[in-house]
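Here is the structure we will look at, set down as structure tokens.
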Amino acid sequence: MAIRMYFKSTPGSSSVYAEKFCEFLYHNGYALSQKRKNISELHRKILLDEPESKILEISTKSPNPLGVRLSAFNLRIFNSYIDSYVTVESAFQSSKVFEFGGPFRNILPAGAKEAKQDQRLKTFGNLCSFEYENAKWPLEPKTFFYDWLYMSALLNQPELSEAILKYDT
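For the sequence shown, counting from 1, position 143 maps to 913 in the numbering used here; every step adds exactly one.
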């Protein structure tokens with residue numbers, strides 16, 4: 771068994787979404803088939819509790835092509851430093867400022883997976899802040915910078931922004 775958080779949109783309420791948790795049957799393994807089984811189990815359990823939910827899995831392993839496109843490993847944002855589009859994940863990883871180094875702008879053109887695995891992100895001390903496009907971002911609120919980065923990328927892709935509105939979970 772595993773417990774995962776998921777997000778439910780809450781139109782008409784003071785917050786944009788609610789964080790909910792779901793316990794489901796977990797299938798061990800790294801193969802795509804195992805990951806897809808876990809996604810299927812999670813969705814099945816959510817639908818048992820909330821049958822009207824319109825679920826979109828946003829990940830590189832999503833069975834829905836829209837969910838794959840919306841993954842931070844695929845969604846792109848324009849970066850003026852290199853005058854090119856980069857993945858949200860690469861932008862996020864390259865923006866980290868540590869005690870002994872960063873931001874590491876040379877990570878920007880790397881693929882998302884390579885950016886996330888850059889060894890400097892593990893060896894330059896504690897994370898202190900983020901720096902992106904000449905703006906500094908604090909660590910708190912915890913997901914503030916990442917949320918801004920993701921939403922900025924999404925806002926510049928109206929077809930994706932429109933498509934995501936068909937889902938609530």
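For glycine and all other residues, C-beta sits at the position ideal for the given N, C-alpha and C.
Straight-line Cα distance separating residue j from residue i
i: R806; j: L935; result: 23 angstroms
i: K824; j: G872; result: 40 angstroms
i: P879; j: V856; result: 6 angstroms
i: E901; j: L818; result: 42 angstroms
i: S784; j: F777; result: 15 angstroms
i: T939; j: F870; result: 40 angstroms
i: K892; j: P821; result: 42 angstroms
i: F874; j: M921; result: 22 angstroms
i: A882; j: F862; result: 9 angstroms
i: L836; j: L826; result: 8 angstroms
i: C792; j: M775; result: 6 angstroms
i: L912; j: E932; result: It should be pointed out that residue 912 corresponds to Lys in this sequence rather than to Leu. So the alpha carbons of these two residues sit roughly 27 angstroms apart.
i: K866; j: E789; result: 26 angstroms
i: V858; j: N876; result: 15 angstroms
i: G782; j: N926; result: 25 angstroms
i: S899; j: W907; result: 6 angstroms
i: Y787; j: L930; result: 19 angstroms
Reference residue i; option with closest CA among the options
i: S850; options: G837, G895, N904; result: N904
i: P833; options: I847, S803, V858; result: S803
i: S860; options: E869, D853, A842; result: A842
i: H797; options: A788, V786, I773; result: I773
i: P928; options: K790, M775, L840; result: L840
i: F794; options: S779, M771, I852, G782; result: M771
i: Y940; options: T780, V786, S864; result: Because the chain is modelled from 771 through 939, residue 940 falls outside the range shown and cannot be assessed.
Nearest-angstrom beta carbon gap, residue j and residue i [assumed within contact, 8 angstroms]
i: T830; j: N844; result: 7 angstroms
i: L919; j: I847; result: 7 angstroms
i: L897; j: L909; result: 7 angstroms
i: F868; j: F894; result: 4 angstroms
Heavy atom of the ligand SAM within 7 angstroms of residue i beta-carbon
i: R806; result: This structure does not include the ligand SAM; it has no bound ligands of any sort.
Taking contact to mean at least 3 C-beta pairs separated by less than 8 angstroms, is the region 811–820 in contact with the region 873–888? no
Runs of beta strand (DSSP E) lying entirely within the region 772–817, each at least 3 residues, in chain order: 772–779, 787–794
Which full runs of the alpha helix (DSSP H) of 4+ residues lie inside the region 855–880, going along the chain? 858–864
Could you tell me which uninterrupted alpha helix (DSSP H) segments, each at least 4 residues in length, are contained entirely in the region 908–935, listed from first to last along the chain? 914–925, 928–934
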